[in-house]
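Here the structure comes first, spelled out in structure tokens, and everything after it is commentary.
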Amino acid sequence: MSCTKRRFHAWTRSCLCALGLWSAAASGAGEAASRDPYLEVPRTDQGLPGVGPLRRYDWFLNLWKERRMAWSQRLEADRGAVVFFGDSITQGWGDAMGGAFPGLKVANRGIGGDTTRGLLLRLQHDVLSLKPKGIVLLIGTNDLEEKAEPEVPAMNLRWLLEQIRSFDPKLPVLLCEVFPSSVEKKRPAEKIRRINELYRGLGADFPQVTLVPTWALFANASGDATPEEFPDLLHPNEKGYAKWAEALRPALEKTGLMARRL
Numbered sequence: 072m073s074c075t076k077r078r079f080h081a082w083t084r085s086c087l088c089a090l091g092l093w094s095a096a097a098s099g100a101g102e103a104a105s106r107d108p109y110l111e112v113p114r115t116d117q118g119l120p121g122v123g124p125l126r127r128y129d130w131f132l133n134l135w136k137e138r139r140m141a142w143s144q145r146l147e148a149d150r151g152a153v154v155f156f157g158d159s160i161t162q163g164w165g166d167a168m169g170g171a172f173p174g175l176k177v178a179n180r181g182i183g184g185d186t187t188r189g190l191l192l193r194l195q196h197d198v199l200s201l202k203p204k205g206i207v208l209l210i211g212t213n214d215l216e217e218k219a220e221p222e223v224p225a226m227n228l229r230w231l232l233e234q235i236r237s238f239d240p241k242l243p244v245l246l247c248e249v250f251p252s253s254v255e256k257k258r259p260a261e262k263i264r265r266i267n268e269l270y271r272g273l274g275a276d277f278p279q280v281t282l283v284p285t286w287a288l289f290a291n292a293s294g295d296a297t298p299e300e301f302p303d304l305l306h307p308n309e310k311g312y313a314k315w316a317e318a319l320r321p322a323l324e325k326t327g328l329m330a331r332r333l
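So for the sequence shown, this note's numbering puts the first residue at 72; every next one is plus one.
Shown next, in the form of structure tokens:
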């Protein structure tokens, strides 16, 4: 077993122990959550799973803790949901994913600014503890802004999918391709294309993964986002979210997560 995998398993065991203690002390959940070190970004990378960037800007540290503390109060309410797991693009869709999926129980576990390594750290607490019905995954764009090469998010994604498979090899995972952006946003088209190429290869290694082709859905002739759907060339507007929802519905129906429309 590689050093990185050993670190990941050690981190996972610690997280699960914390979850067990947390559940046993449900009556004091709010106070316990505020002291739980697993709700905060670790101060250093030492002993952490994965590779590449883990953000520690003040705004991100505060957002990470704020959102995760709020979710700690919703464990029972969100149990059994289809969990949308990602960064600011996911967060920006809102708690109910804009009402795009009537009748589907959803839980938004997006944190603005997060990276693939951040999702590795959050997986147990924020997703698997909910015993989700399915997972919708969109992540990787912020790794590029932090100057990671495409192989870095792909490596972290493999470890993420391995942990999900270990939890439940039949749990449906809808893996969305990284959306186009712009070189102005430090997310050049050629690197996003490479990430998605690597993601497609990973999807083939995990039968429970359904790849959702969301790059071509939005990319212009140069492979970048358009201002009509991404006003800041990074985050979708209402029109962009509507197109994402339409792309997700066939996959949700195919995997049995959502009833087919008549």
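All C-beta atoms in this analysis are idealised placements derived from N, C-alpha and C, irrespective of residue type, glycine included.
In the structure shown, the three-state DSSP call for T281 is strand. According to the DSSP assignment, A178 belongs to no alpha helix (DSSP H) but to the beta strand (DSSP E) extending over V177 to G181. With respect to the 8 Å criterion, D158 and I210 are classified as neighbours on the basis of their beta carbons. Rounded to the nearest whole angstrom, the CA to CA distance from L134 to G184 is 9 Å. In this model, D166 and F277 are separated by some 28 Å (Cα to Cα). Per DSSP, the continuous beta strand (DSSP E) segment holding V154 begins and ends at V153 to G157. Membership of V244 in any alpha helix (DSSP H) is not indicated; the residue belongs instead to the beta strand (DSSP E) covering V244 to C247. Counting C-beta atoms within 10 angstroms of its own C-beta, D214 has 16 or more neighbours from the protein chains shown and is therefore classed as buried. L323 is not bridged by DSSP to any residue. Looking at E255, K176, W315 and V207, the one whose alpha-carbon comes closest to that of L304 is E255. At the C-beta level, H196 and Y109 come within 8 Å of one another. With contacts defined as CB atoms closer than 8 Å, T161 and G181 qualify as a contacting pair. Taken atom to atom, the span from the alpha-carbon of L119 to that of R126 is near 13 Å. With distances taken between CA atoms, T285 lies nearest to K314 out of F301, K314 and T297. Out of S143, L328 and L288, the CA that lies nearest to the CA of L242 is found in L328. Annotated three-state conformation of I235 is helix, per DSSP.
Taking the C-beta atoms as reference points, S200 is found no nearer than 8 Å to L245. Its chain contains F250, P251, S252, S253, F289, A290, L304 and L305 as the residues whose beta carbon lies nearer than 8 Å to that of A296, once the 5 sequence neighbours on both sides are disregarded; these appear in chain order. Residue E111 holds the alpha-carbon nearest to the alpha-carbon of R139 among V154, E111, D116 and E233. Residue environment analysis places P221 among the buried positions, since at least 16 neighbouring C-beta atoms fall within 10 angstroms of its C-beta. Nearest to G274 by C-alpha distance, out of A316, F301, E233 and G170, is E233.
The shortest CA-to-CA distance from I206 to any of T281, S237, G163 and G170 is the one to T281. In this structure, F172 is the residue among E299, R271, R236 and F172 with its C-alpha nearest to the C-alpha of R332. No Cβ-Cβ contact shorter than 8 Å links A178 with A141. In this chain, the alpha helix (DSSP H) harbouring I263 covers A260 to D276.
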